[in-house]
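K.L.:
In our numbering, each residue's number is its place in the sequence shown (first place is 1) plus 212. Okay, handing you the structure first.
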Amino acid sequence: MSLAIVHSRAKLGIQAPPVMVEVHLANGMPSLTLVGLPETAVRESKDRVRSALQNARLEFPSLKRITINLAPADLPKEGGRFDLAIALGLLAASGQIPPASLERCEVLGELALSGELRPVQGVLPAALACRDNQRTLLLPRANAAEAALVQGVEIIAAEHLLELCEHLRGEQLLPAVAAGSRPPPAGNLPDLRDVQGQAQAKRALIVAAAGSHNLLLFGPPGTGKTLLASRLPGILPALEEEQALEVAAIQSVCGRGMLQHWPTRPFRAPHHGASAAALVGGGSQPRPGEISQAHHGVLFLDELPEFDRKVLEMLREPMESGEIHIARAREQLTFPARFQLIAAMNPCPCGYQGDPSGRCRCSPEQVERYRSKLSGPLLDRIDLHLAMHNEAFSLTGQTVGKPDSAEAGAAVAAARQRQLDRQGCLNAYLDLSDVRQHCALPTADASWLEKAVAQLGLSRRASHRVLKVARTLADLEQQPMIGRPHLAEALQYRQLDRQPLDRLPLDRQPLDRLPLS
Numbered sequence: 213m214s215l216a217i218v219h220s221r222a223k224l225g226i227q228a229p230p231v232m233v234e235v236h237l238a239n240g241m242p243s244l245t246l247v248g249l250p251e252t253a254v255r256e257s258k259d260r261v262r263s264a265l266q267n268a269r270l271e272f273p274s275l276k277r278i279t280i281n282l283a284p285a286d287l288p289k290e291g292g293r294f295d296l297a298i299a300l301g302l303l304a305a306s307g308q309i310p311p312a313s314l315e316r317c318e319v320l321g322e323l324a325l326s327g328e329l330r331p332v333q334g335v336l337p338a339a340l341a342c343r344d345n346q347r348t349l350l351l352p353r354a355n356a357a358e359a360a361l362v363q364g365v366e367i368i369a370a371e372h373l374l375e376l377c378e379h380l381r382g383e384q385l386l387p388a389v390a391a392g393s394r395p396p397p398a399g400n401l402p403d404l405r406d407v408q409g410q411a412q413a414k415r416a417l418i419v420a421a422a423g424s425h426n427l428l429l430f431g432p433p434g435t436g437k438t439l440l441a442s443r444l445p446g447i448l449p450a451l452e453e454e455q456a457l458e459v460a461a462i463q464s465v466c467g468r469g470m471l472q473h474w475p476t477r478p479f480r481a482p483h484h485g486a487s488a489a490a491l492v493g494g495g496s497q498p499r500p501g502e503i504s505q506a507h508h509g510v511l512f513l514d515e516l517p518e519f520d521r522k523v524l525e526m527l528r529e530p531m532e533s534g535e536i537h538i539a540r541a542r543e544q545l546t547f548p549a550r551f552q553l554i555a556a557m558n559p560c561p562c563g564y565q566g567d568p569s570g571r572c573r574c575s576p577e578q579v580e581r582y583r584s585k586l587s588g589p590l591l592d593r594i595d596l597h598l599a600m601h602n603e604a605f606s607l608t609g610q611t612v613g614k615p616d617s618a619e620a621g622a623a624v625a626a627a628r629q630r631q632l633d634r635q636g637c638l639n640a641y642l643d644l645s646d647v648r649q650h651c652a653l654p655t656a657d658a659s660w661l662e663k664a665v666a667q668l669g670l671s672r673r674a675s676h677r678v679l680k681v682a683r684t685l686a687d688l689e690q691q692p693m694i695g696r697p698h699l700a701e702a703l704q705y706r707q708l709d710r711q712p713l714d715r716l717p718l719d720r721q722p723l724d725r726l727p728l729s
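Put into structure tokens, the structure is as follows:
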């Protein structure tokens, strides 16, 4: 048979669209033509395949007119992921392996000149698609552990092209990789007990974790803002099966080696010099940005005003919708971006505005220019604004900070489960109709809140977020209804809405009402 068809998968964002590798051998002037919108690395595959077949003592049909088509023709193809499919197509078309053995298979892998199989990126989305189409996945052994995260897919992994050829001929069958296998659990995450003092900030962090609320910490340098943010993944509940696969698929496309940390929630902390494409995704070949790599996890933006304002404004839509749309002339891609934002900032350029030491010398114009990088719409979308202050330093009589991650995590998990049982989602994701239903207030409390909102000048969006935070506070205290203390505390977390930066309450006494047992 002079025509062979091999099924493969391209990489387009976090999707794995199907590609048919069609190989045709014909009489005529010897040549090899590769068509189907291949980019440079794909066009070079013909040289890798020729050398791999020859070094593996297989016959390369060099006396034939060879045409290789990567269909569909209008889908861009990149990388060396089609090397193995092209090689098997040539072998099937020349009768060296039975073409019928490839009918229910999908093939991914790059070839070394010796015929060894090298790993490729984006295997997990291909494995998910292969499972849905009930096909066997043939790939390099180095990708086997990643593909095995998907249950219900048959995986055949090999080290060398000859091993696959013997398997497809039925001479020496390769064992199927155990699908659904899991890597060892990740190491211990940083514990909340490492943070001494800062009771109010710890409480705000637990509230943010319980309802998946966005949190902004501000205060002088050295108060523990970054330390607290790094402890958030340790108090969040474990990822569910589908969530873990979504996270792993994104990391697979980005080539991040997620198996070392799977299935923990991602924690992304990009530098404040990050570009818009690095943060939200994009590029000539669109790839997920930091917000998508933080999907179902935490996006920590330290030194928030130091980010370019245009970059920060791009966060507004994904913070609401949980996804980011990348539009290009030839395609439109949607990346998931359901992240929890934790941000940190200083109150002024020098960082010591409001500090009792009085060492700040920033002018009001400098402070205003510093704060103006954060727009009102962006601050509206951050549920909790909390000022942190320096506490007395002592090396004697120190005890382990309370609560620790295990205690806080139990309270967070219980509160989240109440939300899921009641409304099917976390409080931060309630829409307007759900807010009216699940955040209903008695008439007296509703009137009190209306007056407080008017006095503080909060927007409607900020007011709704106050209700969502109050609902989370009630859930943490196992209360079926929102009470006025919950509303009052939720309003205290809108500190940047209440007053200018030169009057920040950096000396506030911590709140300590959270029952954790």
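C-beta atoms are modelled at their ideal positions from N, C-alpha and C, and glycine is treated no differently.
In the structure shown, what three-state DSSP assignment does residue 408 receive?
P.N.:
The sequence position of residue 408 within the sequence shown is 196, counting from 1. Of the three classes helix, strand and coil, the one that applies to residue 408 here is coil, per DSSP.
K.L.:
How would you call residue 716, buried or exposed, if buried means at least 16 neighbouring beta carbons within 10 angstroms?
P.N.:
For the purposes of this step, residue 716 is taken as residue 504 along the sequence shown, with counting starting at 1. Reliability fails at residue 716, whose pLDDT of 40 lies under 50, so the model's placement of it is uncertain and the value that follows must be treated cautiously. Buried, since its Cβ has 16 or more Cβ neighbours within 10 Å.
K.L.:
Please state whether DSSP places residue 267 in a helix, a strand or coil.
P.N.:
The count along the sequence shown starts at 1 and reaches residue 267 at position 55. Note: residue 267 maps to helix in three-state DSSP.
K.L.:
For the ligand NAP, any of its heavy atoms closer than 7 Å to the Cβ of residue 386?
P.N.:
Although the ligand NAP was asked about, the structure shown includes no ligands whatsoever.
K.L.:
For the segment 298-335, list the beta strand (DSSP E) runs that are entirely contained and at least 3 residues long, ordered along the chain.
P.N.:
317-319
K.L.:
Less than 8 Å separating the beta-carbons of residue 267 and residue 326?
P.N.:
What you label residue 267 is simply residue 55 of the sequence shown in a count that begins at 1. What you label residue 326 is simply residue 114 of the sequence shown in a count that begins at 1. The answer is yes: Cβ separation under 8 Å.
K.L.:
Could you tell me which whole beta strand (DSSP E) segments of length 3 or greater appear in the segment 551-630?
P.N.:
552-557 and 596-599
K.L.:
What are the start and end residues of the beta strand (DSSP E) that includes residue 502?
P.N.:
Here the question's residue 502 lines up with position 290 in the sequence shown. That residue, residue 502, is in no beta strand (DSSP E); its alpha helix (DSSP H) goes 502-505.
K.L.:
Output the boundary residues of the beta strand (DSSP E) element that contains residue 219.
P.N.:
Within the sequence shown, residue 219 is the residue found at index 7, counting from 1. From DSSP, the beta strand (DSSP E) with residue 219 extends over 215-221.
K.L.:
Going by C-alpha distance, which of 238, 361, 464 and 250 is nearest residue 231?
P.N.:
As a working note, residue 231 is residue 19 in the sequence shown. That would be 250, whose Cα lies nearest to the Cα of residue 231.
K.L.:
For residue 636, is the classification buried or exposed, using 16 other Cβ atoms within 10 angstroms of its Cβ as the cut-off for buried?
P.N.:
For this step, residue 636 is matched to residue 424 along the sequence shown. Label assigned to residue 636: exposed.
K.L.:
Residue 526 to residue 492, Cα distance in whole Å?
P.N.:
Start at 1 with the first residue of the sequence shown, and residue 526 comes out as number 314. Start at 1 with the first residue of the sequence shown, and residue 492 comes out as number 280. So the alpha carbons of these two residues sit roughly 7 Å apart.
K.L.:
Look up residue 413 in the DSSP assignment and say whether it is helix, strand or coil.
P.N.:
The count along the sequence shown starts at 1 and reaches residue 413 at position 201. Looking at residue 413 - three-state DSSP - the assignment turns out to be helix.
K.L.:
How is residue 236 classed by DSSP in three states: helix, strand or coil?
P.N.:
As a first step, residue 236 must be located in the sequence shown, where it is residue number 24. DSSP places residue 236 in strand when its eight states are reduced to three.
K.L.:
Any idea which residues DSSP pairs residue 281 with across the strands?
P.N.:
Within the sequence shown, numbered from 1, the residue matching residue 281 stands at position 69. The partner list for residue 281 (beta bridge, DSSP) reads 234 and 247.
K.L.:
When DSSP labels each residue in this structure, what does residue 725 get in the three-state scheme?
P.N.:
Walking along the sequence shown from the start, residue 725 turns up at place 513. Summary for residue 725: the model assigns pLDDT 42, below 50, so the residue's position carries little reliability, and this model does not support an answer.
K.L.:
Using the three-state DSSP reduction, which class does residue 680 fall into: helix, strand or coil?
P.N.:
The sequence position of residue 680 within the sequence shown is 468, counting from 1. DSSP places residue 680 in helix when its eight states are reduced to three.
K.L.:
Do residue 482 and residue 490 come within 8 Å of each other at the CB atom, strictly closer than that value?
P.N.:
Here residue 490 is taken as the residue at index 278 of the sequence shown, counted from 1. Here residue 482 is taken as the residue at index 270 of the sequence shown, counted from 1. Yes, the Cβ-Cβ distance between residue 490 and residue 482 is below 8 Å.
K.L.:
Do residue 705 and residue 416 have their CB atoms nearer than 8 Å?
P.N.:
For the purposes of this step, residue 705 is taken as residue 493 along the sequence shown, with counting starting at 1. For the purposes of this step, residue 416 is taken as residue 204 along the sequence shown, with counting starting at 1. In this structure, residue 416 lies closer than 8 Å to residue 705 by Cβ.
K.L.:
Could you tell me which residues DSSP puts in a beta bridge with residue 540?
P.N.:
Locating residue 540 in the sequence shown gives position 328, counting from the first residue. Beta-bridge pairing links residue 540 to no other residue.
K.L.:
Just how far apart, CA to CA, sit residue 487 and residue 316?
P.N.:
Position 275 of the sequence shown, counting from 1, holds the residue named residue 487. Position 104 of the sequence shown, counting from 1, holds the residue named residue 316. The alpha-carbon of residue 487 is positioned some 43 Å away from that of residue 316.
K.L.:
What three-state label does DSSP hand residue 372 in the structure shown?
P.N.:
For the purposes of this step, residue 372 is identified with residue 160 of the sequence shown, where counting begins at 1. Residue 372 falls in the strand class under three-state DSSP.
K.L.:
Do the CB positions of residue 390 and residue 369 come within less than 8 Å of each other?
P.N.:
Counting from one through the sequence shown, the residue named residue 390 turns up at place 178. Counting from one through the sequence shown, the residue named residue 369 turns up at place 157. In this structure, residue 390 sits away from residue 369, with a CB-CB distance that is not shorter than 8 Å.
K.L.:
Could you tell me which of 454, 691, 502 and 549 sits nearest to residue 466, measuring between CA atoms?
P.N.:
Here residue 466 refers to the residue found at position 254 when the sequence shown is read from its first residue. Of the listed residues, the one whose Cα sits closest to residue 466 is 502.
K.L.:
Rounding to the nearest angstrom, what Cα-Cα distance links residue 319 and residue 228 in this structure?
P.N.:
If you number the sequence shown from 1, residue 319 lands on position 107. If you number the sequence shown from 1, residue 228 lands on position 16. Near 12 Å, if we compare the C-alpha coordinates of residue 228 and residue 319.
K.L.:
Residue 728 to residue 622, Cα distance in whole Å?
P.N.:
Residue mapping note: residue 728 aligns to position 516 of the sequence shown, counting from 1. Residue mapping note: residue 622 aligns to position 410 of the sequence shown, counting from 1. Bear in mind that a pLDDT of 40 at residue 728, under 50, signals an unreliable position, so the number given afterwards is only what the model happens to contain. Their Cα atoms are separated by approximately 8 Å.
K.L.:
For the alpha helix (DSSP H) that contains residue 252, what are its first and last residues?
P.N.:
Translated into the one-based positions of the sequence shown, residue 252 becomes position 40. Start and end: 252-255.
K.L.:
For the putative contact between residue 413 and residue 444, defined by C-beta atoms under 8 Å, what is the C-beta separation to the nearest angstrom?
P.N.:
Here the question's residue 413 lines up with position 201 in the sequence shown. Here the question's residue 444 lines up with position 232 in the sequence shown. At roughly 12 Å, the Cβ-Cβ gap does not stay under 8 Å, so residue 413 and residue 444 are not in contact.
K.L.:
For residue 348 and residue 379, what's the separation of their Cα atoms in angstroms?
P.N.:
Here the question's residue 348 lines up with position 136 in the sequence shown. Here the question's residue 379 lines up with position 167 in the sequence shown. When rounded, the distance between both Cα atoms is 13 Å.
K.L.:
Taking only the alpha-carbon atoms, compute the straight-line gap between residue 282 and residue 373 and give it to the nearest angstrom.
P.N.:
Translated into the one-based positions of the sequence shown, residue 282 becomes position 70. Translated into the one-based positions of the sequence shown, residue 373 becomes position 161. Looking at the two C-alpha atoms, the distance is approximately 21 Å.
K.L.:
Cα separation between residue 657 and residue 682?
P.N.:
By one-based count along the sequence shown, residue 657 stands at place 445. By one-based count along the sequence shown, residue 682 stands at place 470. Rounded to the nearest angstrom, the two C-alpha atoms are 12 Å apart.
K.L.:
Residues bridged to residue 548 by DSSP?
P.N.:
For the purposes of this step, residue 548 is identified with residue 336 of the sequence shown, where counting begins at 1. In the DSSP output, where bridge partners are listed per residue, residue 548 has 535.
K.L.:
Considering Cα atoms alone, identify which of 672, 442 and 286 is closest to residue 553.
P.N.:
Within the sequence shown, numbered from 1, the residue matching residue 553 stands at position 341. Among 672, 442 and 286, the Cα nearest to that of residue 553 is on 442.
K.L.:
Near residue 592, what residues of its chain come up, given a Cβ to Cβ distance below 7 Å and the 5 sequence neighbours on each side ignored?
P.N.:
Along the sequence shown, one-based indexing puts residue 592 at 380. Taken in chain order, the residues that qualify are 671, 673 and 674.
K.L.:
CB-CB under 6 Å to residue 223, same chain, minus the five flanking residues each way: which ones, in chain order?
P.N.:
Taking the sequence shown and counting its residues from 1, the one referred to as residue 223 is at position 11. 334, listed in sequence order.
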